[in-house]
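A.B. asks: I have a structure here, written as C-alpha cells, and I will follow up with some questions on it.
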Ligand code: 2BA
C-alpha cells in the first residue's frame with residue numbers, strides 16, 4: 002500500500018475531490034499553507050494499493066493545472082533592505098507537488 006500526498010492549489014481542490022470520489026478512491030483533504038507564498042493551498046492524503054498509484058497520479062494530473070502568480074513585494078521593515086525587491090515578481094505555481102510514501106501498516110477501527 003502507498004500513501005499519496007499531493008499539495009494542490011485551492012482552485013483545483015474541489016475538482017480533484019470530486020474526481021477521486023467518482024473513481025472510488027478514498028481521500029482526506031487538509032487545509033495547508035505554502036511556505037514560500039504563505040498562501041492557502043490544499044493537501045490531499047490518498048491511501049491506495051500499489052497498482053492504483055499510477056491511476057491516482059493521472060487523476061491528479063488531469064485536475065490540477067499550473068498557474069502564474071504575482072508575488073507582491075515584501076516590506077523590508079525588520080529585514081535586510083539590500084535584498085528588498087520593490088516590484089512584484091512572477092512565480093509559476095505547479096499544478097501539484099506529489100509525494101508517494103510506502104505504508105507499513107494500515108488499520109481502520
Ligand atoms: P509555496 O511554498 O507557497 O510555493 C509556491 C511557488 O513558489 C512554488 O511552486 C515555486 O514555484 C515558488 N517557490 C517556492 N519556494 C521558492 C524559493 N525558495 N525561491 C523561489 N521560488 C520559490 P511549486 O514548487 O509548484 O510548489 C507549490 C506548493 O507545493 C508550495 O507552495 C508548497 O506548499 C508545496 N511544496 C512544493 N515543494 C515542496 C516540498 N519539497 N516539500 C513540501 N511542500 C512542497
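Residue numbers (our numbering): 2 to 110.
Positions of the beta carbon are idealized from the N, C-alpha and C atoms, including for glycine.
Quick caveat: nothing in here was measured; it's all calculated off a predicted structure.
Pull the bridge partners of residue 102 from the DSSP assignment, please.
C.D. replies: 4, per the DSSP bridge assignment.
A.B. asks: Return yes when at least one heavy atom of ligand 1 lies under 8 Å from the C-beta of residue 18, else no.
C.D. replies: It does not: the Cβ of residue 18 is nowhere closer than 8 Å to a heavy atom of ligand 1.
A.B. asks: Quick check: residue 66 and residue 13, are their CB atoms within less than 9 Å of each other?
C.D. replies: Their beta carbons are under 9 Å apart, which means residue 66 touches residue 13 by this criterion.
A.B. asks: Quick one: measure Cβ to Cβ for residue 30 and residue 18, integer angstroms, because I've assumed they're closer than 8 Å.
C.D. replies: So it is a contact: roughly 6 Å between Cβ atoms.
A.B. asks: What is the DSSP secondary structure of residue 32, counted as helix, strand or coil?
C.D. replies: Three-state result, residue 32: strand.
A.B. asks: With 16 as the cutoff for other CB atoms within 10 Å, does residue 91 come out buried or exposed?
C.D. replies: That one is exposed.
A.B. asks: Drop a sphere of 10 angstroms on the beta-carbon of residue 32, count the other beta-carbons inside from all chains shown, and report buried for 16 or more, exposed for fewer.
C.D. replies: Exposed, since its Cβ has fewer than 16 Cβ neighbours within 10 Å.
A.B. asks: What are the boundary residues of the beta strand (DSSP E) that residue 43 is part of?
C.D. replies: From DSSP, the beta strand (DSSP E) with residue 43 extends over 41–49.
A.B. asks: Identify which residue in 22, 36 and 26 has its Cα closest to the Cα of residue 8.
C.D. replies: The shortest C-alpha separation from residue 8 is found at 36.
A.B. asks: Which residues in the same chain as residue 28 place their Cβ atom closer than 6 Å to its Cβ, once the five residues preceding and following it in sequence are excluded?
C.D. replies: Closer than 6 Å at the Cβ level, and outside the excluded window around residue 28, lie 21, 45 and 47.
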